[in-house]
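From first to last, the protein sequence lines stand for chains A and B.
Under our numbering, the first residue of the first sequence carries the number 1142, and numbering increases by one thereafter.
Under our numbering, the first residue of the second sequence carries the number 5, and numbering increases by one thereafter.
These notes concern the structure reproduced below.
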Amino acid sequence: MERVVEAVGAADLRLRTMRYAGSGRAQHFFLDARTQTIKSNTWKDRSINIEGNGNSRNLYMRGTNARWF
Amino acid sequence: MLVNERGKVMEVDGGADRENSNIAVGDAHANTIRQQFKIVYLDEVPAAPKRGDYNKDWGLKIGEPFFLQTSLPSGRYLDMIGRNMVIKTRNGYTSQMWYFDWRSKTIKSWKNKGWSWDIQNAGRSTNMQAWNTNSGWF
């Protein structure tokens, strides 16, 4: 059983069973060199973000911004 | 580990190896498996299996219908009365046919493809039935 991180509904990050090739784009991420963030391959305007401006433990997908660097 | 510029590390919340576990951050701890992820590039993702492919983990062909015959002297076939599993004389009805579904990793009824083998009372009974497929078991 292989589980991977998935962006559920462009927001929550959850552990879910890996989908096979050609499907499951919500499970695809990439490093964006320009913003130095990890982005969603489905929602390319969103990056992995710590909720509450970094004051929470929760991770979710949020519109990319340059604030952190 | 996936570490941000302030040393916070991505982790599976609570280390719960379950479907839909939340992803969070925490302080780095050495040798903590909940903070360890493997990067799988898309060209390494396996292709979806096809009907008839043999799944060695489960010992079953994917999507191919089969019967289950008891080794008791009668040689009756596994069947359903309603949702309850019973043995009955072979009758040619699809209620006696089953198949392995690779998506849910359950054995499903050929007659009611939304139903999978299930232990009654959320696994606390000894009785088997066919119930609506869900991912609760894994």
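Using N, Cα and C, we set each Cβ at its ideal position, and we do this for glycine too.
Rounded C-alpha distance that separates residue i from residue j
i, j, result
"Arg-1155/A", "Arg-10/B", "22 Å"
"Ala-134/B", "Gly-118/B", "9 Å"
"Gly-86/B", "Lys-112/B", "15 Å"
"Asn-127/B", "Asn-138/B", "Reading off the sequence, residue 127/B comes out as Gly, not Asn. The straight-line gap from Cα to Cα measures roughly 13 Å."
"Tyr-103/B", "Arg-1198/A", "43 Å"
"Glu-68/B", "Lys-115/B", "13 Å"
"Met-5/B", "Arg-107/B", "29 Å"
"Phe-41/B", "Ser-75/B", "46 Å"
"Ala-1174/A", "Ala-1207/A", "12 Å"
"Gly-1163/A", "Asn-1182/A", "13 Å"
"Gly-63/B", "Phe-70/B", "13 Å"
Counted within 10 angstroms of its Cβ, other Cβ atoms place residue i as buried (16 or more) or exposed
i, result
"Leu-1200/A", "buried"
"Thr-93/B", "exposed"
"Asn-59/B", "exposed"
"Lys-1180/A", "buried"
"Gln-100/B", "buried"
"Asn-1190/A", "buried"
"Ser-78/B", "exposed"
"Thr-1178/A", "buried"
"Thr-110/B", "buried"
Beta-carbon contacts of residue i that lie in its chain and below 8 Å, excluding the five residues immediately before and after
i, result
"Ser-129/B", "Ile-123"
"Trp-1184/A", "Ala-1148, Ala-1151 and Met-1202"
"Glu-15/B", "Ile-27, Ala-28, Val-29, Gly-30, Thr-36, Arg-38 and Gln-39"
Close Cβ partners of residue i (< 6 Å) along its chain, the five nearest in sequence each way excluded
i, result
"Glu-1223/A", "There is simply no residue 1223/A to check, as chain A begins at 1142 and stops at 1210 in what is shown."
Start-to-end residues for the beta strand (DSSP E) that takes in residue i
i, result
"Tyr-1201/A", "1200-1204"
"Asn-26/B", "25-31"
"Ser-1181/A", "1178-1181"
"Val-44/B", "That residue, Val-44/B, is in no beta strand (DSSP E); it is neither H nor E in DSSP."
Contacts around residue i, its chain only, beta-carbon distance under 7 Å, and the 5 residues preceding and following it disregarded
i, result
"Asn-136/B", "Gly-118 and Trp-119"
"Thr-1205/A", "Thr-1176, Thr-1178, Lys-1180, Asp-1186, Arg-1187 and Ser-1188"
"Val-7/B", "Val-13 and Ala-32"
"Leu-1172/A", "Ile-1179"
Any non-hydrogen atom of the ligand COA closer than 7 Å to residue i Cβ
i, result
"Asp-83/B", "As far as ligands go, the structure on display features none, and thus does not contain the ligand COA."
(message) List, from N- to C-terminal side, the beta strand (DSSP E) runs of 3 residues or more that fit wholly inside the segment 49-137 of chain B.
(response) 81-85, 88-92, 102-105, 110-113, 119-123 and 132-136
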